[in-house]
Amino acid sequence: MPSGSNMRRRIDQLLADRGLCPSREQARRAVLAGEVKVDGEVVTKAGHLVDEDAELSVAEKPRFVSRGGTKLEGALDDFGLDVQGLRVIDVGASTGGFTDCVLQRGAAEVTAVDVGYGQLAWSLRSDPRVRVFERTNIRTADAEALGAPFDLAVVDVSFISLRTVFESVVALLGESGQLVALVKPQFEIGKGRVGKKGVVRNESDHAEVLDNVRAAVEEAGWVVRGLTFSPITGPEGNIEFWLWAAREGVAADVEPEAVARAAHEALGG
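Just so you know, we're using my numbering here: the sequence shown kicks off at 573 and counts up by one.
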């Protein structure tokens, strides 16, 4: 390493002294996690001695506990939806990216529901604003136990169609309730039309999925307030979409074909 000074110090102490980490302990954790570079090279030993004037960098921490938070943030911005002060139910909470996102944007409280167990990030599990319901199927959950009615539902379900849970979810919402849901084509279209690695690639299939979801929402007496695509693809590169629905309001003047086309133009299909 370049040596511009004869003085050498422990890297964890130097990180804390420079303000690159809040404390020496957090600096140690960052080093052990491989998040620290010294003069462009990753260092993984907290007791490593470096020149006092060495160039140090710490990898930027993700803003949310999972990239689901980044996905939802984009959708809320696109739809112009303010969650400040709302009571939210997160269906398919998993690690808690959606929960993290709405809390950071001012939601009053979140009920995190998932059929799985032990996935929710500890920072959220220990947050007094979060109520956790694990091993819970939203289609059979007790509304009173969950704390219904809610103002907003954020939904990310896998291995089942959004259409199969829509009515169960909206039954938990109040008179002015709203729903924002991630639409995953691989779980909405027939298995025989899903390509290798579970990827749906055809633009026409994406348009069909959105049309079917919109029809299900309208059949339930709800209004489709918005449809858009996620700029962040899912596993294996699946293009994903966002639905915004509400009990009341003006229906969005947007066609599924146009949304699918825009997604393919932006993401390449």
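C-beta: ideal position from N, C-alpha, C; glycine also.
DSSP-derived helix/strand/coil call for residue i
{"i": "A823", "result": "coil"}
{"i": "S638", "result": "coil"}
{"i": "S577", "result": "Because the pLDDT of S577 is 49, which lies under 50, any placement of that residue in the model is unreliable, and the number read from its coordinates should be weighed accordingly. Three-state DSSP puts S577 in coil, outside helix and strand."}
{"i": "T800", "result": "strand"}
{"i": "K609", "result": "strand"}
{"i": "A817", "result": "strand"}
{"i": "A713", "result": "coil"}
{"i": "V622", "result": "strand"}
{"i": "R735", "result": "helix"}
{"i": "R601", "result": "helix"}
{"i": "V831", "result": "helix"}
{"i": "R707", "result": "coil"}
{"i": "R590", "result": "coil"}
{"i": "E812", "result": "coil"}
{"i": "G657", "result": "coil"}
{"i": "S595", "result": "coil"}
Cβ-Cβ separation, residue j to residue i (assumed contact under 8 Å), whole Å
{"i": "V608", "j": "L586", "result": "Contact doesn't hold; Cβ gap of about 10 Å is too wide."}
{"i": "Q758", "j": "V741", "result": "Not a contact, Cβ separation roughly 20 Å."}
{"i": "D783", "j": "P828", "result": "4 Å"}
{"i": "V785", "j": "E760", "result": "7 Å"}
{"i": "S698", "j": "G668", "result": "About 11 Å; that fails the 8 Å criterion."}
{"i": "H620", "j": "I661", "result": "Between I661 and H620 the Cβ distance is about 46 Å, and since that is not below 8 Å, they are no contact."}
{"i": "V682", "j": "T671", "result": "5 Å"}
{"i": "L754", "j": "K643", "result": "7 Å"}
{"i": "E775", "j": "R833", "result": "6 Å"}
Distance CB(residue i)-CB(residue j) smaller than 8 Å
{"i": "W814", "j": "T805", "result": "no"}
{"i": "W794", "j": "A824", "result": "no"}
{"i": "V630", "j": "A605", "result": "no"}
{"i": "G641", "j": "D728", "result": "no"}
{"i": "A680", "j": "L653", "result": "no"}
{"i": "L718", "j": "F731", "result": "no"}
{"i": "A684", "j": "A715", "result": "no"}
{"i": "L751", "j": "P721", "result": "no"}
{"i": "R677", "j": "Q691", "result": "no"}
Identity of the residues DSSP links to residue i by a beta bridge
{"i": "F722", "result": "L745"}
{"i": "D662", "result": "A684 and V726"}
{"i": "S629", "result": "K609"}
{"i": "Q750", "result": "L724 and A818"}
{"i": "R582", "result": "L621"}
{"i": "V614", "result": "K609"}
Beta carbon proximity, residue i to chain C, threshold 8 Å
{"i": "A838", "result": "Chain labels in this structure do not include chain C; a single protein chain is all it has."}
Whole alpha helix (DSSP H) runs in the stretch 754–797 with 4 or more residues, listed along the chain? 775–791
Whole runs of the beta strand (DSSP E) within the stretch 666–705, excluding any shorter than 3 residues: 681–685 and 702–705
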